[in-house]
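Participant: Please see the structure below; I have some questions.
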Ligand code: COA
């Protein structure tokens, strides 16, 4: 019998897969994976090479931007260091087990705001581990405008709190903030209070709220530690008050130092606003680590046995174009052993649905597979979401969704709308954990179901080549007064990242690593929810005052 090319490829894949299983699998060689997807990528094609070099160009732009953002404001950094304070990322390295494992959210948020560039949006947020337990860190960057809160700071902080609340992950606030950036107070004042609301509600739900005060904190910066379950304050550099020494002088004519007015000695011995006195910053993070050790957080057993994908993750740069999501090939570079159990492969082919595992965590995947959209695809996806919900499987959406052309026949159009509405409802009402990766287009209202915070994705990330807009860019330009340049800017990946439309940009080759971290968080979240449910203090926040 003559072997057809596809059969040769399958056999080759099987052999390579068997070799990988016995040599490169993590943990036992008995790792179980689904049948591997064959590699059909032609890396020598012009199309692949062009996509690859465009995507790599975007990666470089992103890396350069990250460097600039992380330098913050050189003048502010000097002032900060002169005050004997650690920089925000150094603080995190003292707190966390391994800062290299930190999953930072919205790293380039704040770039190009109408009120200027705000590095890291003035606050670094993300997930890291302390004594092997996951925590969400929300850390003000005190080196930029005294760590004050801009509208984008608030947006980023509220989103981080929302994620922590949905996943029941303990929060650590590293507080070094002069409160609201006063020239923009009208855009901050009302919603600013939600930060405190979230803190109280999370505490009452049994989600620990811990604060370390390591700078001069005014107003909003003062309530965060005061409302925390447990707070630590650094001698001399840390202080909290509703009005600082300049205001006291202006209002009362009294001259008083920050230390006397609201320093660590005063608040740990007289007011009781904080619970632990730290002689310096180093000690404050040691105490914070001990506090986290005392939280009685669950011990979670994580999967130990899994195989890497068979194919190179770098290929992802050359696989996704605006009009071809290449779903199977993308999936094969993300999941364990490139294994995929496809569901309804022959029906509603505009979407690919199926089961896989990532670093040993079982998941359901829904991926766009064609630019055209139809009712069958929505019906299939609704069914699949229901199966994942029934089986308690986290859902992963790989999004490259174009605006659908309205069908000229109103009956067909109506049917499509009904099916898609059902898909949106099934996603919105599914109570399993959901994460979306926008790999290409995110255009039109149909995108909501696949990858949006709006319909309840717990975390959403996007690749540097992604683009976002209510209508496809051409359509948007033709129906609005926006110029081509404006449409390009406002639908760009950077604009989405800067404005916290997603939880941040990630590089294609990091997708598996990021998803693994997120799935680890999801597993921890399940245990945390059980613990929080048992908590005897449930429905009560702390009564420090
Ligand atoms: N609104 C706007 N800008 C503020 C600010 C605020 N609330 N607080 C500080 N800044 C700016 C300063 O103007 C300065 O700007 P520059 O970098 O352009 O020079 C920068 O932040 C750093 O402030 P500075 O006072 O030089 O630094 P510091 O480290 O000695 O003190 C604070 C930082 C935040 C403790 C101190 O500036 C302060 O007490 N600010 C007032 C806080 C306040 O009243 N907040 C009320 C919020 S409702």
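Numbering (the numbering used here), first residue to last: 79 to 623. The C-beta atom is built at its ideal place from N, Cα and C for all residues, glycine as well.
#1: Report yes or no: do three or more beta-carbon pairs, one from the region 309-326 and one from the region 349-360, lie closer than 8 Å?
#2: Buried or exposed for residue 401, please, with buried defined as at least 16 other CB atoms from any protein chain shown within 10 angstroms of its CB.
#3: Would you check if the distance between the CB atom of residue 550 and the CB atom of residue 481 is smaller than 7 Å?
#4: Would you say residue 188 touches the ligand COA, meaning its beta carbon is less than 6 Å from a heavy atom?
#5: Verify the contact flag: residue 259, CB atom, against every heavy atom of the ligand COA, threshold strictly below 6 Å.
#6: Once you ignore the five residues that flank residue 418 on each side, which residues in its own chain have a CB closer than 6 Å to its CB?
#7: Measuring only from the beta carbon, is residue 223 closer than 6 Å to any heavy atom that is part of the ligand COA?
#8: By DSSP, does residue 425 sit in helix, in strand, or in coil?
#9: Specify the secondary structure class of residue 609 as computed by DSSP and reduced to three states.
#10: Compute the distance between the beta-carbons of residue 537 and residue 513, then report whether it is under 7 Å.
#11: Buried or exposed: where does residue 407 fall if 16 or more other Cβ atoms within 10 Å of its Cβ makes it buried?
#12: Excluding sequence positions up to five away, which residues of its chain have a Cβ less than 6 Å from the Cβ of residue 412?
#13: Counting only the same chain and skipping the five closest in sequence on each side, list residues whose C-beta sits under 6 Å from that of residue 516.
#14: Could you tell me the distance, in whole angstroms, from the CA atom of residue 130 to the CA atom of residue 572?
#15: Cβ of residue 311 within 6 Å of any heavy atom in the ligand COA?
#16: So, are the CB atoms of residue 491 and residue 484 less than 7 Å apart?
#17: Alpha carbon to alpha carbon, what distance is there between residue 449 and residue 552?
#18: Taking only the alpha-carbon atoms, compute the straight-line gap between residue 598 and residue 377 and give it to the nearest angstrom.
#19: Within the same chain, show all residues whose beta-carbon is closer than 8 Å to that of residue 387, passing over the 5 residues directly before and after it, in chain order.
#20: Is residue 256 close to the ligand COA? I mean its beta-carbon at under 6 Å from any heavy atom of the ligand.
#21: For residue 517, is the beta carbon positioned less than 6 Å from some heavy atom of the ligand COA?
#22: Quick one: Cα of residue 305 to Cα of residue 278, how far?
#23: Measuring only the C-alpha atoms, how far is residue 334 from residue 158?
#24: Identify the continuous beta strand (DSSP E) that holds residue 46 and give its terminal residues.
#25: Since residue 438 contacts residue 384 with CB under 8 Å, what's their CB separation in whole angstroms?
#26: Considering only residues of the same chain and omitting the five flanking positions on each side of residue 172, which have a CB-CB separation below 6 Å?
#27: What three-state label does DSSP hand residue 517 in the structure shown?
#28: In chain order, what residues of the same chain have a beta carbon less than 7 Å from the beta carbon of residue 470, not counting five sequence neighbours either side?
#29: Checking the sheet assignment: what are the DSSP bridge partners for residue 104?
#30: Would you kindly check if the distance between the Cβ of residue 574 and the Cβ of residue 189 is under 7 Å?
#31: Taking 8 Å as the threshold, find out whether the region 234-254 comes into contact with the region 269-276 through three or more Cβ pairs.
#32: Which term fits residue 443, buried or exposed, when burial requires 16 or more other beta carbons within 10 angstroms of its beta carbon?
#33: Smallest Cα separation from residue 161: which of 220, 494, 579?
#34: Excluding five sequence neighbours on each side, which residues of the same chain lie with their C-beta closer than 8 Å to the C-beta of residue 339?
#35: Which residue marks the beginning of the beta strand (DSSP E) containing residue 540, and which one marks its end?
#36: With distances taken Cα to Cα, identify the nearest neighbour of residue 140 among 441, 169, 303, 583.
Facilitator: By the coordinates alone:
#1: yes
#2: exposed
#3: yes
#4: no
#5: yes
#6: Around residue 418: 112, 115, 409, 432, 434.
#7: yes
#8: coil
#9: helix
#10: yes
#11: Buried: at least 16 other Cβ atoms inside 10 Å.
#12: Excluding residues within five positions, the ones whose Cβ falls inside 6 Å are 589, 590.
#13: 477, 529, 540, 544
#14: 19 Å
#15: no
#16: yes
#17: Each residue's Cα considered, the two are about 15 Å apart.
#18: Taking the straight line joining both Cα atoms gives about 12 Å.
#19: Hits under 8 Å: 410, 411, 412, 413, 414, 415, 416, 590.
#20: yes
#21: It does not: the Cβ of residue 517 is nowhere closer than 6 Å to a heavy atom of the ligand COA.
#22: 7 Å
#23: If I take the Cα positions, the gap works out to 21 Å.
#24: Any answer about residue 46 is impossible in this case: the structure gives the chain only from 79 up to 623.
#25: 4 Å
#26: 363
#27: The answer is strand: DSSP assigns residue 517 an E or B state.
#28: The answer, listed in chain order, is 510.
#29: 384
#30: no
#31: yes
#32: buried
#33: 220
#34: By the criterion of a C-beta distance shorter than 8 Å, residue 339 is surrounded in its chain by 317, 319, 322, 323, 326, once the five residues flanking it on both sides are discounted.
#35: 537-540
#36: Out of 441, 169, 303, 583, 583 has the C-alpha closest to the C-alpha of residue 140.
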